[in-house]
Amino acid sequence: MNFLYLIGGLLVLHAGYSSYEHHQILKHASGIPRDIIGELFVGLIIINFGAFQSIANSSRYGLTHDKIVTSSKPFLRPIEMSEAMQSVNSLGITEFEEYDSRIDFLDVVEKRRQHREWAK
């Protein structure tokens, strides 16, 4: 993956340098030669392939248990909602967690009571 980034980046840099050299030698040239444009496109395509191959799910730490949860699918999130909710539920949170944990909706008295019980 990083190898594709490196190769693509070097091709793009070389195309840029070649374009600079071309314009320094031929100041009145009408355009950039096709081989430089081709090299630029090949470099950009290789960088895109590297970017697509580097998209992978990372492991996450569960909130309610001390386990590292890995996704069953290696790339991106599952599109089916049932599978997506299984991965969220395996972390120990609900689908409404982002709404329940907002400051506006936080029950401070309840959280203090829970902390008091936990501290005993």
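Just so you know, we're using UniProt numbering here: the sequence shown kicks off at 1 and counts up by one. Glycine is no exception: its CB is placed at the ideal position from the N, C-alpha and C atoms.
Those residues which DSSP pairs with residue i across a bridge
{"i": "Val12", "result": "Val12 pairs with nothing; no bridge assigned."}
{"i": "Val108", "result": "Looking at the DSSP assignment, Val108 forms no beta bridge with any residue, so it has no partner."}
{"i": "Tyr61", "result": "Ile68"}
Residue i burial status per 10 Å Cβ neighbour count (16 or more: buried)
{"i": "Gly8", "result": "buried"}
{"i": "Ile55", "result": "exposed"}
{"i": "Leu6", "result": "exposed"}
Backbone secondary structure at residue i - three-state DSSP
{"i": "Ile32", "result": "coil"}
{"i": "Arg113", "result": "helix"}
{"i": "Ile45", "result": "helix"}
{"i": "Ile68", "result": "strand"}
Self-check item: Validate contact between the region 85-105 and the region 46-65 using beta carbons, cut 8 Å, 3 pairs
Solution: By the C-beta criterion, the region 85-105 is judged to be in contact with the region 46-65, since at least 3 inter-stretch pairs fall below 8 Å.
Practice problem: Determine contact between the region 22-39 and the region 65-74, defined as no fewer than three beta-carbon pairs at a distance below 8 Å. | Solution: no
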